[in-house]
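Chemist: Here it is, the structure, as C-alpha cells.
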Ligand SMILES: Cc1cc2nc3c(=O)[nH]c(=O)nc-3n(C[C@H](O)[C@H](O)[C@H](O)COP(=O)(O)O)c2cc1C
C-alpha cells in the first residue's frame, strides 16, 4: 500500500506554492501518493472538509502576512469557530493513538525584512499550535525567503478601507489573477476603483536595489533587505533545500524494518 502525504496550504502570490510543488515532487519520487489542499479566501470550514486520518504525513504551510500566518489559513483550521478543529473522523481533535502514528511538517515562506530568519519563527510556532491541536507530532520545520509583491499597495488599501492587511492582500492578489471573482460582487464603484489602483501598483518593500562592490572587487546587485536576493526567491537553492528536507524525513522516518515511522523525537529544520 502506498504511503500518503497531505499538503494543506495557502499561497497568495505563488511562493509558498513553489515549495509545495517541490515537496509534492519529492514525495512522489518515493512513490508516495500526495493530496494537495489549497486554502483560499473562499474555502469554508467545515464545508470543504478534509480528514487527516488517511495520511502518514500532514504538511501545513502558509505565508507570513503582517507578522503571522495568513489568517484565512488560520480560519480554515477552525480555531476560532465553535465547531473548531475536527480534522479526524469522529473525533474533535486527533485521538492521541491515531495521531501519534502520523508525522507533521510545518512550512512557510517569508520576506524577513531586515530581521531575517527570526521573522519566520513566530509563524512556524503558530502553525505548530494547529498541528498540536490534532495531536500530530511535528518532525520538520521548513522556511525560505519569498519575493514580496505589491506590499505597498496592500498596506495602502488596508488603510483606505479600514480592513486587515491580510484581507487587503486577499483582495489585491485575487483581483490581479481574476478581476471578476465573486469576492468582489458586492463592492461599490469607489471600492472597486481603489482595488483596481492597488492591483496596478507593483511596488513592494525590498525592491530598492542596492549596488555595491565587495572588498574583492565584485560588483553586487541586490535588495537592501536581509536576503539580498529577495526578489529572486524562492530560488533553485531553496527548491533543492525543500526537496532534500522532504527526502531526509521520508528516508529517516519511514525506511524502517517494521514499516512503523520512527519515534518523533528527532526534529529536522531547514530555515533560510
Ligand atoms: C501585504 C504583505 C505583508 C507581508 N508581511 C510580511 C511580514 O510581516 N513578515 C515577513 O517576513 N514577510 C511578509 N510578507 C512577505 C511574504 O510573506 C512573502 O512574500 C511570501 O513568500 C508570500 O508567499 P505567497 O507568494 O505564497 O503568498 C508580506 C507580504 C505582503 C504582500
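Residue numbers (this note's numbering): 15 to 286. Beta carbons are placed, not taken as given, at the ideal position from N, Cα and C, and that holds for glycine.
Between the beta-carbon of residue 117 and the beta-carbon of residue 152, is there less than 9 Å?
Modeler: Yes, these two residues count as a Cβ contact at 9 Å.
Chemist: For residue 24, which of helix, strand or coil comes out of DSSP?
Modeler: Three-state DSSP puts residue 24 in coil, outside helix and strand.
Chemist: Do you know whose CA, among 115, 129, 120 and 133, lies nearest residue 141's CA?
Modeler: Selected option, being the one with the closest Cα: 120.
Chemist: At which residue ranges does the region 148–236 contain complete alpha helix (DSSP H) runs of 4 or more residues, listed in the order of the chain?
Modeler: Runs of the alpha helix (DSSP H) inside the region 148–236: 165–175, 179–191 and 203–214.
Chemist: Tell me the residue span of the beta strand (DSSP E) that contains residue 72.
Modeler: It spans 71–75 - the beta strand (DSSP E) in which residue 72 sits, taken as one unbroken run.
Chemist: Determine the direct distance from the alpha carbon of residue 133 to that of residue 270, and round the result to whole angstroms.
Modeler: Roughly 36 Å separates the two Cα atoms.
Chemist: Tell me, to the nearest whole angstrom, how far the beta carbon of residue 64 is from that of residue 19; I am working on the premise that it is less than 8 Å.
Modeler: At roughly 13 Å, the Cβ-Cβ gap does not stay under 8 Å, so residue 64 and residue 19 are not in contact.
Chemist: In the structure shown, what three-state DSSP assignment does residue 88 receive?
Modeler: The answer is helix: DSSP assigns residue 88 an H, G or I state.
Chemist: Can you have a look at residue 177 and say buried or exposed, based on whether 16 or more other CB atoms are within 10 angstroms of its CB?
Modeler: Residue 177 should be labelled exposed.
Chemist: Is residue 303 near ligand 1 - that is, is its Cβ less than 8 Å away from at least one heavy atom of it?
Modeler: In this structure the chain extends from 15 to 286, so residue 303 is not present and cannot be described.
Chemist: Considering only the alpha carbon of each residue, which of 143, 27 and 179 lies closest to residue 85?
Modeler: The shortest Cα separation from residue 85 among 143, 27 and 179 belongs to 179.
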